[in-house]
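Protein chains: 2
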Amino acid sequence: MSRPTIRDVAALAGVSHQTVSRVINESEQVRPQTRARVSEAIAQLSYQPSAVAQSMAKGRTGMLACIAPNLLDFTFSSIIEGAQTAAREQGYFLLAASAPDEESFHQLVEELLTSGRTEGLMVIDPYVAELSRNVPSEYPIVFAGGGAHLNQPLVNTVVLDDETAALMATRHLLELGHTQIAMVTGPRLEVCTQKRILGFERALHGRQLPIRPEWMVEGDWSAEAGYSAGMALLGGGERPTAVFVQNDQMAVGLFQAARAHGLDLPTQLSVIGIDDIPLAAYFCPPLTTMRQDFQRIGREAIRLLARTVADPTTPSEQVRLPVTLVARGSTAVKN
Amino acid sequence: MSRPTIRDVAALAGVSHQTVSRVINESEQVRPQTRARVSEAIAQLSYQPSAVAQSMAKGRTGMLACIAPNLLDFTFSSIIEGAQTAAREQGYFLLAASAPDEESFHQLVEELLTSGRTEGLMVIDPYVAELSRNVPSEYPIVFAGGGAHLNQPLVNTVVLDDETAALMATRHLLELGHTQIAMVTGPRLEVCTQKRILGFERALHGRQLPIRPEWMVEGDWSAEAGYSAGMALLGGGERPTAVFVQNDQMAVGLFQAARAHGLDLPTQLSVIGIDDIPLAAYFCPPLTTMRQDFQRIGREAIRLLARTVADPTTPSEQVRLPVTLVARGSTAVKN
DNA sequence: ATGAAAGCGCTAACAA
DNA sequence: TTGTTAGCGCTTTCAT
């Protein structure tokens with residue numbers, strides 16, 4: 137007693153299976169009366185076409201894949217959520233996979249694209265630049281988020297406008313009267329980090345302020361790293377009055393370090409982050425940050441991808457999305 | 137110049153396509169010498185079997201699906217991450233979909249299961265009890281997380297041991313000397329909430345303490361709801377000295393409310409949550425909570441699902457996972 | 001150990 | 001407007 141096939145429906149409706157196919161595919165070429173009979177047969181048998189057989193015959197699977205280092209991190213999962221929504225709107229399903237290391241990444245790409253299981257691939261990876269080299273270029277692909285700043289205009293990318301984000305964040309501190317501004321960066325290897333450093337430096341240069349290397353501490357985006365950075369930054373001799381932290385998690389870690397040093401936030405130290413993670417408003421003090429629309433990154437990425445799948449000759453596009461300042465309680469006028 | 141097929145390989149290797157198939161499927165019945173020739177032809181053409189054609193012929197797609205209200209929420213995304221990892225280990229791909237409302241949920245179930253696109257379904261949904269009624273029971277399915285407490289032993293479920301978790305959390309407060317304990321619950325409709333209420337009540341009854349209805353406030357798991365609940369709870373006449381909040385997000389919201397009332401945490405108010413969200417240690421004070429292993433929920437769920445897919449006659453199983461107390465700074469001895 | 005034939009469930013191209 | 005004929009690329013069954 138397995139599933140009914142198109143032929144069962146045809147037999148019941150007294151037509152050829154091809155007519156049933158036409159009804160399924162909403163072809164106009166079917167007489168309403170015939171269509172009705174077929175529809176009824178379909179309903180009666182609760183017939184549902186086999187997606188696999190359709191894929192086989194049409195040469196299209198209706199699936200896109202998404203690879204991220206993990207599905208856990210808020211930045212990744214929100215990009216994926218946006219992507220998933222957009223994919224469904226475009227009639228695609230999204231296969232989500234996590235590949236923590238380069239080996240599993242390549243294995244996945246092989247299994248997904250080469251096997252024809254999915255029609256396109258969205259890659260969320262901070263170290264994308266290296267990885268992308270090895271991805272067969274004939275496959276529809278889009279790089280999104282973090283490190284997707286490829287300089288080659290041959291691939292679809294969707295990224296944050298990191299440089300501007302950092303510029304704006306730093307300017308916010310400058311406008312509050314701060315001149316002694318430190319920075320906690322992400323891993324230097326990531327293009328995203330580099331762009332944010334650039335924006336920071338541009339902002340300082342705009343005011344003829346010096347860049348002090350000892351006030352640039354590298355982190356790995358984690359709250360723990362932010363804490364360590366804070367301990368290093370605030371423990372030394374001269375102390376900055378404000379810190380631009382390249383993401384919210386590290387900013388929160390830095391809060392902890394500031395408290396450990398008995399500093400009052402924001403009166404003795406202003407802190408600004410990037411991301412606007414969900415609970416940013418619930419830290420103490422509430423975190424001032426640059427809001428990033430992660431879901432939109434996912435949506436845009438799928439838009440580019442679907443377009444490329446539909447027509448592989450579509451020229452690739454590089455999207456850069458803006459951020460907005462969300463001023464909360466962790467930044468204040470320098471006193 | 138499209139992808140090579142099994143016949144191209146066969147032609148190049150000078151064998152029948154069937155022999156190639158045997159090599160692909162690692163059948164023992166191939167002479168090593170022949171196998172070598174075929175393997176070389178495969179490598180030479182960079183041949184990769186079509187997953188769709190394999191699915192068609194084998195009647196198996198090698199895909200599982202996962203539906204959650206969204207992919208964003210940390211509780212969901214971490215379950216999915218665990219599920220994805222387990223799925224890959226078992227040779228499956230995981231299709232992740234979000235269905236915010238019941239309509240899209242059913243549409244998804246139809247499109248995924250009935251179409252034969254996926255072999256099994258994992259549902260993460262707080263309102264699962266109602267939804268499950270409408271899911272055709274002949275499909276391999278597992279309910280995970282939040283509301284998956286079905287009383288019918290006919291389905292696979294993986295849930296937190298909510299009652300014990302609440303019992304332990306409340307006992308922690310009792311052991312600190314608190315007797316005036318309030319609770320902020322999740323939506324009453326969710327079984328998960330109900331179980332946690334049960335555990336709370338059992339703990340109080342164990343000490344002959346009364347349950348005070350005015351000290352039970354309902355929330356929707358969000359930080360905002362926790363804040364509102366806190367305002368209601370702490371603004372009135374008699375004030376509890378401790379609050380058991382049914383999840384961490386609401387607990388953090390309650391922190392905010394306590395601060396608004398000028399209460400010092402934890403000296404004037406102890407707060408305990410459930411979940412141990414990633415930044416729980418970075419709130420002020422660091423949040424005491426019951427840690428839940430979300431990824432394990434996902435892994436267990438996929439284990440059950442894969443088992444049922446492999447043999448649909450496998451009796452279903454109900455897994456309940458334990459929590460552990462993570463004592464941080466938000467709870468203290470009553471003074 | 002290998003090959004030939006049939007068919008998985010559907011769609012596309014052609015014929016009527 | 002409908003039906004017939006071929007596949008899609010692979011596996012399974014049965015011969016050899």
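Protein chains in written order, with the numbering used here: chain H, 137 to 471; chain G, 137 to 471.
Glycine included, C-beta positions come from ideal geometry on N, C-alpha and C.
Leaving out five residues on either side along the sequence, give the residues of the same chain with a beta carbon under 8 Å from the beta carbon of residue 257 of chain G. Here the question's residue 257 of chain G lines up with position 121 in the second sequence. The residues are 200, 201, 202, 203, 245, 248, 249, 271, 275, 276, 277, 278, 441.
Short of 7 Å in beta carbon distance, which residues of its chain neighbour residue 206 of chain H, apart from the five on each side in sequence? Order them along the chain. Stepping through the first sequence from its first residue, residue 206 of chain H is reached at position 70. These residues qualify, in order along the chain: 212, 234, 236.
How about residue 426 of chain G and residue 467 of chain G: are their beta carbons less than 9 Å apart? By 1-based counting over the second sequence, the position of residue 426 of chain G is 290. By 1-based counting over the second sequence, the position of residue 467 of chain G is 331. Taking the C-beta atoms as reference points, residue 467 of chain G is found no nearer than 9 Å to residue 426 of chain G.
Would residue 354 of chain G pass as a contact of residue 306 of chain G if the rule is Cβ separation under 9 Å? In the second sequence, residue 354 of chain G corresponds to position 218, counting from 1. In the second sequence, residue 306 of chain G corresponds to position 170, counting from 1. No, the Cβ-Cβ distance between residue 354 of chain G and residue 306 of chain G is not below 9 Å.
Could you name the residues of the same chain whose beta carbon sits closer than 6 Å to that of residue 392 of chain H, not counting the 5 residues immediately before and after it, in chain order? For this step, residue 392 of chain H is matched to residue 256 along the first sequence. 363.
I need the boundaries of the beta strand (DSSP E) containing residue 406 of chain H, first residue and last residue. Within the first sequence, numbered from 1, the residue matching residue 406 of chain H stands at position 270. That run of the beta strand (DSSP E) goes 406-411.
For the stretch 342-402 of chain G, which segments carrying the alpha helix (DSSP H) assignment without a break, of at least 4 residues, lie completely within its bounds, in sequence order? Runs found: 359-371, 384-396.
Count the other CB atoms, across all protein chains shown, that sit within 10 Å of the CB of residue 406 of chain H; report buried if there are 16 or more and exposed otherwise. The residue labelled residue 406 of chain H in the question sits at position 270 within the first sequence. Here residue 406 of chain H is buried, its C-beta having at least 16 other C-beta atoms within 10 Å.
Below-9 Å beta-carbon distance, residue 182 of chain G vs any chain H residue: Indexing the second sequence from 1 puts residue 182 of chain G at position 46. Using beta-carbon distances, residue 182 of chain G counts as an interface residue toward chain H, with a partner under 9 Å.
Check the Cβ of residue 418 of chain G against every Cβ in chain H and list those closer than 8 Å, keeping chain order. As a first step, residue 418 of chain G must be located in the second sequence, where it is residue number 282. In chain order: 359, 388, 389, 391, 392, 419.
Return the CA-CA distance between residue 260 of chain G and residue 280 of chain G, expressed in angstroms with no decimal places. In the second sequence, counting from the first residue as 1, residue 260 of chain G sits at position 124. In the second sequence, counting from the first residue as 1, residue 280 of chain G sits at position 144. Distance between the alpha carbons of residue 260 of chain G and residue 280 of chain G: 5 Å.
Between which two residues does the alpha helix (DSSP H) carrying residue 464 of chain G extend? Taking the first residue of the second sequence as 1, we reach residue 464 of chain G at position 328. Note, residue 464 of chain G: premise wrong, no alpha helix (DSSP H); not H, not E.
If the cut is a Cβ gap below 7 Å, which residues of chain H does residue 214 of chain G touch? Reading the second sequence from its first residue, position 78 is the one you call residue 214 of chain G. Contact annotation for residue 214 of chain G against chain H: 208 [CB-CB distance below 7 Å, chain order].
Any beta-carbon of chain G closer than 9 Å to the one on residue 232 of chain H? Along the first sequence, one-based indexing puts residue 232 of chain H at 96. So yes, residue 232 of chain H belongs to the interface.
Return the first residue and the last residue of the beta strand (DSSP E) that residue 279 of chain H is part of. Along the first sequence, one-based indexing puts residue 279 of chain H at 143. It spans 277-280 - the beta strand (DSSP E) in which residue 279 of chain H sits, taken as one unbroken run.
With a cut-off of 9 Å, does the C-beta of residue 229 of chain H fall near any C-beta of chain G? In the first sequence, counting from the first residue as 1, residue 229 of chain H sits at position 93. Residue 229 of chain H counts as touching chain G.
Please name the residue in H/156, H/158, H/139, H/208 whose C-alpha comes closest to that of residue 195 of chain G. Start at 1 with the first residue of the second sequence, and residue 195 of chain G comes out as number 59. Answer by Cα proximity: H/139.
Can you tell me which of the three DSSP states residue 163 of chain G falls into? The residue given as residue 163 of chain G occupies position 27 in the second sequence. Reduced to three states, the DSSP call for residue 163 of chain G is coil.
Is it right to say residue 449 of chain G is buried, meaning 16 or more other beta carbons lie within 10 angstroms of its own, or is it exposed? Residue mapping note: residue 449 of chain G aligns to position 313 of the second sequence, counting from 1. The residue is exposed, with fewer than 16 neighbouring Cβ atoms inside 10 Å.
Would you report the Cα separation of residue 243 of chain G and residue 176 of chain G, rounded to the nearest angstrom? For the purposes of this step, residue 243 of chain G is taken as the residue at position 107 of the second sequence. For the purposes of this step, residue 176 of chain G is taken as the residue at position 40 of the second sequence. Rounded to the nearest angstrom, the gap between the Cα atoms of residue 243 of chain G and residue 176 of chain G is 45 Å.
For residue 351 of chain G and residue 437 of chain H, the rounded distance between their alpha carbons: Indexing the first sequence from 1 puts residue 437 of chain H at position 301. Indexing the second sequence from 1 puts residue 351 of chain G at position 215. Each residue's Cα considered, the two are about 47 Å apart.
Below 8 Å on the Cβ atoms is my contact criterion, and I expect residue 419 of chain G with residue 388 of chain G to pass it. Report the Cβ-Cβ distance as a whole number of Å. Numbered from its first residue, the second sequence carries residue 419 of chain G at position 283. Numbered from its first residue, the second sequence carries residue 388 of chain G at position 252. Rounded to the nearest angstrom, the Cβ distance from residue 419 of chain G to residue 388 of chain G is 6 Å, consistent with a contact under 8 Å.
Using a C-beta to C-beta distance shorter than 7 Å, which residues of chain H count as neighbours of residue 217 of chain G? In the second sequence, the residue the question calls residue 217 of chain G occupies position 81. Within chain H, the residues near residue 217 of chain G are 206, 207, 208, 234.
Beta-carbon gap between residue 303 of chain G and residue 252 of chain G smaller than 9 Å: Translated into the one-based positions of the second sequence, residue 303 of chain G becomes position 167. Translated into the one-based positions of the second sequence, residue 252 of chain G becomes position 116. Against a cut-off of 9 Å, the Cβ pair of residue 252 of chain G and residue 303 of chain G comes out as no contact.
Going by DSSP, what residue range makes up the alpha helix (DSSP H) through residue 180 of chain H? Locating residue 180 of chain H in the first sequence gives position 44, where the first residue counts as 1. Looking at the DSSP string, the run of the alpha helix (DSSP H) that includes residue 180 of chain H is 168-181.
Taking the Cβ atom as the reference point for each residue, do residue 458 of chain G and residue 293 of chain G lie within a distance shorter than 9 Å? As a position in the second sequence, residue 458 of chain G is number 322, starting the count at 1. As a position in the second sequence, residue 293 of chain G is number 157, starting the count at 1. Against a cut-off of 9 Å, the Cβ pair of residue 293 of chain G and residue 458 of chain G comes out as no contact.
Spell out whether any CB of chain H is found under 9 Å from the CB atom of residue 133 of chain G. The structure shown does not extend to residue 133 of chain G, since chain G spans only 137 to 471, so no value can be given for it.
Chain H residues whose Cβ lies nearer than 7 Å to that of residue 192 of chain G: If you number the second sequence from 1, residue 192 of chain G lands on position 56. Under the 7 Å cutoff, chain H gives 188, 189, 192.
Taking 9 Å as the CB-CB cut-off, is residue 250 of chain G touching chain H? Your numbering for residue 250 of chain G matches position 114 in the second sequence. With 9 Å as the cut-off, residue 250 of chain G counts as an interface residue toward chain H.
Interface residues of the stretch 432-444 of chain G facing chain H [CB-CB below 8 Å]: Listed in sequence order: no entries.
In whole angstroms, what is the alpha-carbon distance linking residue 348 of chain G and residue 422 of chain G? In the second sequence, counting from the first residue as 1, residue 348 of chain G sits at position 212. In the second sequence, counting from the first residue as 1, residue 422 of chain G sits at position 286. Rounded to the nearest whole angstrom, the CA to CA distance from residue 348 of chain G to residue 422 of chain G is 28 Å.
What number of angstroms, rounded off, separates the C-alpha of residue 395 of chain H from the C-alpha of residue 341 of chain H? Your numbering for residue 395 of chain H matches position 259 in the first sequence. Your numbering for residue 341 of chain H matches position 205 in the first sequence. C-alpha of residue 395 of chain H to C-alpha of residue 341 of chain H: approximately 30 Å in a straight line.
First and last residue of the alpha helix (DSSP H) that includes residue 307 of chain G? As a working note, residue 307 of chain G is residue 171 in the second sequence. Where residue 307 of chain G is concerned, the enclosing alpha helix (DSSP H) starts and stops at 298-311.
Looking at the C-beta of residue 185 of chain G, does it have a partner C-beta in chain H at a distance below 9 Å? Along the second sequence, one-based indexing puts residue 185 of chain G at 49. Chain H contact via Cβ: present.
Selected residue, minimal CA-CA separation from residue 386 of chain G, among G/357, G/463, G/413: Looking up residue 386 of chain G in the second sequence gives position 250. If we check each option's Cα against that of residue 386 of chain G, G/357 comes out closest.
In angstroms with no decimal places, state the Cα-to-Cα distance between residue 229 of chain H and residue 443 of chain G. Start at 1 with the first residue of the first sequence, and residue 229 of chain H comes out as number 93. Start at 1 with the first residue of the second sequence, and residue 443 of chain G comes out as number 307. Cα to Cα, residue 229 of chain H sits roughly 24 Å from residue 443 of chain G.
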